[in-house]
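From first to last, the protein sequence lines stand for chains A and B.
All the letters of the first sequence, read from the start, carry residue numbers -10 to 280 under my numbering.
All the letters of the second sequence, read from the start, carry residue numbers 7 to 395 under my numbering.
A short worksheet on the structure shown next.
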Amino acid sequence: MSILIDESTRAIVQGITGGEGSFHARQMMEYGTQIVAGVTPGRGGKRFDDRVPIYDTVAEAVRDQRANASVIFVPAAFAADAILEAVDANLALVVCITEGIPIRDMLMVYEALHRSTTRLVGPNCPGIISPGRAKLGIMPGSIHKPGVVGVVSRSGTLTYEAVNQLTELGIGQSTGIGIGGDAIIGTSFTDALQLFERDPDTRAVVLIGEIGGTAEEEAAAFIRTQMHKPVVAFIAGRTAPVGRRMGHAGAIIDGGKGTAEEKIAALKAAGAVIAESPADIGQNVKSVLGL
Amino acid sequence: MKIHEYQAKELLRRHGMPVQRGKVASTPEEARAIAQDLQAQEVVLKAQVHAGGRGKAGGIRLVHTLEEAETTARQMLGMRLMTPQTGANGKIVRRLLVAEAAKIARELYVGIVLERANNRLVMMASTEGGVEIEKTAAVSPEKIIKEPIDRVLGLQPYQARRLAYALGFSGDRHREATAFLLNLYTAFMQNDCSLAEINPLVVTPEGGVLVLDAKINLDDHALFRHRDLAELRDFSEEDPLEVEASQHHLNYIKLDGSVGCMVNGAGLAMATMDIIKLAGAEPANFLDVGGGASAETVEKGFRIILADATVKAILVNIFGGIVRCDRIARGIIEASKSIRIAVPVVVRLAGTNSAEATSLLAESGLDLLVARDLREAAEKVVAALDRKK
């Protein structure tokens, strides 16, 4: 089993004719994902790679192809509008890969999500993968392996690092979710933990956090009070300087708040196993699973 | 993006907000001329650097005559200002804000920040102006009043009034304060700010309000719709290597250690810094070469890392996903032809095409230390560093 996506997911790609969008649409299809339509305003009626129908609007694509998910590769200046269009079309799941969406735009998006039933993952994230079933995102499928460990992370390549360690130890993953590196994101650590806690086939969860914000502390509160499955956590940025934005828009220690130490302490107190080194994530999971 | 106090005040002035009178000077003669134009009893000279805590460090000086304005400006311009926020190297003062000294009855704090836990903006106010809000939050949190701002409705007049009353404005005086707070919100939204702090907001003996100091950060990601604001970026306030890196779309932050690192992805870059520290050394930088890393970006990355003389060893850590490791390996080989790399380099390439990459590096004849995984990479780079000592 998996959460959020599997082989039955019918996804559209918003921005399918762009450089990133077309490359990853092909990769996702190669992985076995059902990409049932693409959306690029002005290209409606054409086909992508002679097979995937392209529509001008999300609403038409959803109506004709019975899509229930979208993955967005639209440039930052237009990405919030693309998310809002997907929300308007009542898609159950929207994954936004785009990096660099203005905060003001995301405040509006967050409000629209609040009023809808759509779940947004991202923005500024690698997406979601349910190994062996489907991927809506840009992560390399090859390093993943089906299994029982849920992975949730604010990062991209650091997640690949962790997943690779798991796979090399023979430990597969139920679903991997990149929640994104921005300050305002659609799905939080807590949301993802909740989904993994409910998923009968997930036996343990890897949480990869980083400096900035309080999402890890909120996750710790959830772990302490409502989570029964073991959580292995790594927090990046113990060596990060105060007041500097470390690549991700959300990765900044602001006014002395949001340090790795605070997050590690909160997670430890909640009973999570802390991977002291990023090289230990796989081994830590192995021991919590009793392997 | 940070902007200077004088730029922030100009932005607020354009929104009709009452701002301390003054202009920016970059020479002592200009400072004198501005002081003359101000026709003020007392004039204040304020160093324009991207750091707070200027007053105690000698970055804010009061003068009473035009001669004094010129001589004090001469002392201040070019000085290296060290405050708790500038770091150990301080910041060179290149400009001064020459302003009329205000008469102060009370000092207040007003700010707008993003409250990340609730995904909304919040307006904060305090009667404890002139001190850092973090200090007030730590010492007397009850003195900070917060009004959460509805994402769609925005700050409403009743909320601004509530804040105005809490700040001690009464009778008809609340009107001016309320209008001020509403204007601040409008200015914040229209200019895509990510932070705005008026500290202090001064209440004059006559009862009016006046912006005495202003700190505004702009949302980097929204600058595409504010060409005029993008031009406010002051490159001289930034580390020259960081500026150069940003021109090549590399995300570089200089640190104080001796192990340079080049990584793809921000999270992995931070984790690489952390593991260098765990292995017993200190990272010299954060460098994310991004998702589209190519031979060219790798070469630029090496140039920037090596321009920092404190770098004694380099760790390259690439996890190939979309980025193919063989391309990175070619980049390293190309870079080593055009740059003299006199420090040991440890390379760890994992993921897509890593096997080809490893054989490319082996056949290149380059003196590289290849590591299989993250732990080995960190241990090897620290061992190489120790050998050099």
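Backbone N, C-alpha and C fix where the C-beta goes; we use that ideal spot for every residue, glycine too.
Cβ-based neighbour list, residue i, same chain, cut-off 6 Å, excluding 5 preceding and 5 following
| i | result |
| --- | --- |
| V388 of chain B | A285, G286 and A287 |
| P211 of chain B | K109 and A111 |
| R192 of chain A | V137 |
| L278 of chain A | A193 |
| Q154 of chain A | I270 and G271 |
| E157 of chain A | none |
Neighbouring residues, chain B, relative to residue i (Cβ below 8 Å)
| i | result |
| --- | --- |
| H237 of chain A | A272 and G273 |
| L96 of chain A | N125, R126, L127 and R157 |
| N153 of chain A | F325, A356 and G357 |
| E150 of chain A | L274, A277, F325, A356 and L380 |
Contact set between residue i and chain B, taken where Cβ atoms lie within less than 7 Å
| i | result |
| --- | --- |
| R15 of chain A | What R15 of chain A touches in chain B: nothing, since even the nearest Cβ is about 12 Å away. |
| L147 of chain A | G271, G273, L274 and A277 |
| Y99 of chain A | N125 and R157 |
| R233 of chain A | I259 |
| I132 of chain A | G357 |
Contacts around residue i, its chain only, beta-carbon distance under 8 Å, and the 5 residues preceding and following it disregarded
| i | result |
| --- | --- |
| L391 of chain B | S264, V265, A287, K318, A319 and P350 |
| I155 of chain B | I118, R126, L127, V128, M129, L161, Q165 and Y191 |
| A81 of chain A | N57, A58, T106, T107 and R108 |
| P267 of chain A | L147, E150, A151, F223 and A225 |
Nearest candidate by alpha-carbon position, reference residue i, set the options
| i | options | result |
| --- | --- | --- |
| I197 of chain A | A:G136, A:I(-6) and A:V141 | A:V141 |
| G117 of chain B | B:D314, B:F186 and B:M85 | B:F186 |
| K284 of chain A | B:A356, B:I139 and B:A301 | No statement about residue 284 of chain A is possible, as the shown extent of chain A runs from -10 to 280 and does not include it. |
| D269 of chain A | A:G169, A:N113, A:A151 and A:E199 | A:A151 |
| T46 of chain A | A:F62, A:T29, A:V60 and A:D39 | A:T29 |
| E382 of chain B | B:S370, B:G371 and B:V352 | B:V352 |
| I328 of chain B | A:A0, A:A259, A:E205 and A:H13 | A:H13 |
| L293 of chain B | B:V269, B:L372 and B:N359 | B:V269 |
| L184 of chain B | B:E16, B:P147 and B:P24 | In the sequence on display, residue 184 of chain B carries Thr and not Leu. The candidate whose alpha carbon is nearest that of T184 of chain B is B:P24. |
| K306 of chain B | B:K260, B:S252, B:P289 and B:M276 | B:S252 |
| M7 of chain B | B:D198, B:A275, B:E134 and B:N95 | B:D198 |
| S242 of chain B | B:M195, B:P206 and B:I98 | B:I98 |
| F62 of chain A | A:V195, A:A249 and A:I1 | A:I1 |
| Q26 of chain B | B:R346, B:V208, B:V304 and B:L261 | B:V208 |
| P64 of chain A | A:V51, A:P91 and A:Y44 | A:P91 |
| Q45 of chain B | B:Y171, B:H232, B:G61 and B:G28 | B:G28 |
| I166 of chain A | A:R187, A:Q215, A:V195 and A:P189 | A:V195 |
Straight-line Cα distance separating residue j from residue i
| i | j | result |
| --- | --- | --- |
| A384 of chain B | N323 of chain B | 10 Å |
| Q3 of chain A | P219 of chain A | 36 Å |
| I160 of chain A | R233 of chain A | 36 Å |
| I200 of chain A | G273 of chain B | 10 Å |
| I311 of chain B | N291 of chain B | 8 Å |
| T71 of chain B | E48 of chain B | 8 Å |
| P115 of chain A | G298 of chain B | 14 Å |
| T92 of chain B | R378 of chain B | 40 Å |
| L238 of chain B | Q13 of chain B | 7 Å |
| A123 of chain A | I117 of chain A | 8 Å |
| E100 of chain A | V158 of chain B | 7 Å |
| Y115 of chain B | R122 of chain B | 21 Å |
| E203 of chain B | R40 of chain A | 54 Å |
| V376 of chain B | R309 of chain B | 20 Å |
| E205 of chain A | A255 of chain A | 8 Å |
| M18 of chain A | G271 of chain B | 25 Å |
| A48 of chain A | D77 of chain A | 8 Å |
Neighbour list for residue i in chain B, Cβ cutoff strictly below 9 Å
| i | result |
| --- | --- |
| I127 of chain A | G297, G327 and I328 |
| S144 of chain A | G271, A272, G273, L274, M276 and A277 |
For residue j and residue i, believed in contact at Cβ under 8 Å, the rounded distance
| i | j | result |
| --- | --- | --- |
| H237 of chain A | N57 of chain A | So it is not a contact: roughly 29 Å between Cβ atoms. |
| S144 of chain A | A225 of chain A | 7 Å |
| L83 of chain B | P34 of chain B | 7 Å |
| H255 of chain B | G296 of chain B | 6 Å |
| R(-1) of chain A | Q16 of chain A | Not really, about 18 Å apart at Cβ, beyond 8 Å. |
| L173 of chain B | E153 of chain B | Their Cβ separation, rounded to whole angstroms, is 12 Å, which puts L173 of chain B and E153 of chain B out of contact at 8 Å. |
| I(-6) of chain A | G27 of chain A | The Cβ separation is near 18 Å, so there is no contact. |
| A172 of chain A | A209 of chain A | 19 Å between Cβ atoms; not a contact. |
| S32 of chain B | R80 of chain B | About 12 Å; that fails the 8 Å criterion. |
Amino acids of chain A, ordered along the chain, whose beta-carbon sits closer than 8 Å to that of residue i
| i | result |
| --- | --- |
| A39 of chain B | The premise fails here: A39 of chain B is roughly 36 Å from chain A at the closest Cβ pair, so nothing lies under 8 Å. |
| H227 of chain B | A65, G89, I90, P91, I92 and A238 |
| L284 of chain B | E265 and S266 |
Chain-order list of residues whose beta-carbon lies under 7 Å from that of residue i (same chain, five-residue window excluded)
| i | result |
| --- | --- |
| A301 of chain B | R333, R336, G337 and E340 |
| L68 of chain B | E48, V50 and A107 |
Contacts that residue i makes with chain A (C-beta to C-beta distance below 9 Å)
| i | result |
| --- | --- |
| L120 of chain B | I92, L96, A172 and I173 |
| P289 of chain B | T228 |
Interface partners of residue i on chain A, CB under 7 Å
| i | result |
| --- | --- |
| D294 of chain B | G236 |
| D198 of chain B | P91 and R93 |
| M88 of chain B | Under the 7 Å cutoff, chain A gives no residues; its nearest Cβ is about 16 Å from M88 of chain B. |
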